[in-house]
Amino acid sequence: MFAICMRYAKDRMEAEDVLQLGYIKVFQKIKEYRGEGSFEGWMRRIMVHTAIESFRRNQRALNVVPVEDAYEQPSVGFDFSQLGMQDLMRVIQKLSAGYRVVFNMYAIEGYSHKEIAEALGISEGASKSQLSRARAILREEIIKMEGINYASYTG
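Residues in the sequence shown are numbered from 1 upward in steps of one, following full-length UniProt numbering.
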């Protein structure tokens with residue numbers, strides 16, 4: 001559960017706070033668990049929702065990129081599946097809060113852009129733009145981390 005909180009938090013201390021709030025909610029809502037699906041899945045949903053609520057409380061404004069920039073992505077010939085999970089998590093943590101939350105909700109948690117927009121109070125276009133920009137930044141950071149000359153891979 002801590003890994004979920006770390007994906008949404010800016011640092012370890014904030015993730016610990018979110019985790020604690022999440023466990024409090026789990027204990028408060030334990031009577032609502034009906035045994036449908038796994039208990040871990042039920043707890044996971046509570047943790048994700050708690051992390052999103054915390055983000056919304058702490059975030060004044062998302063760093064939104066213009067929609068016309070949303071689909072500008074570099075063409076890269078690097079196999080990202082070779083990257084270790086801890087390395088990927090470290091790079092994701094470097095994203096600005098807005099990019100990180102949208103990326104996590106879409107790419108990891110499986111939310112649609114409509115659901116992200118509703119949860120964060122932004123437009124679907126802003127969600128798509130945030131995701132696109134987050135992916136581009138992640139590519140650039142991973143390429144730098146792997147010591148690959150980024151310029152040789154762009155089209």
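Where is the CB? At the ideal position from N, CA and C, for every residue including glycine.
Are there 16 or more other CB atoms within 10 angstroms of the CB of residue i, so buried, or fewer, so exposed?
i	result
H49	exposed
A3	exposed
G121	exposed
F55	buried
F103	buried
G110	exposed
S75	With a pLDDT of 41 at S75, under the threshold of 50, the modelled position of that residue is not reliable, and the figure given next carries that caveat. By the 10 Å Cβ count, S75 comes out exposed.
Y8	buried
I108	exposed
Can you list, in chain order, the residues of its chain whose CB lies under 8 Å from that of residue i, leaving out five sequence neighbours each side?
i	result
K29	I46
E40	none
Quick one: give me the first and last residue of the alpha helix (DSSP H) that residue i is part of.
i	result
N58	F39 to N58
E141	E124 to M145
R12	R12 to K29
E3	Correcting the residue identity first, residue 3 is Ala in this sequence and not Glu. Here the alpha helix (DSSP H) through A3 covers F2 to Y8.
I116	H113 to L120
Just verifying my parser: in three-state terms, what is the DSSP assignment at residue i?
i	result
M89	helix
L95	coil
Y106	helix
P74	With a pLDDT of 43 at P74, under the threshold of 50, the modelled position of that residue is not reliable, and the figure given next carries that caveat. The answer is coil: DSSP assigns P74 none of H, G, I, E or B.
To which residues of the same chain is residue i closer than 7 Å at the C-beta, ignoring the five residues directly before and after it?
i	result
K10	A97
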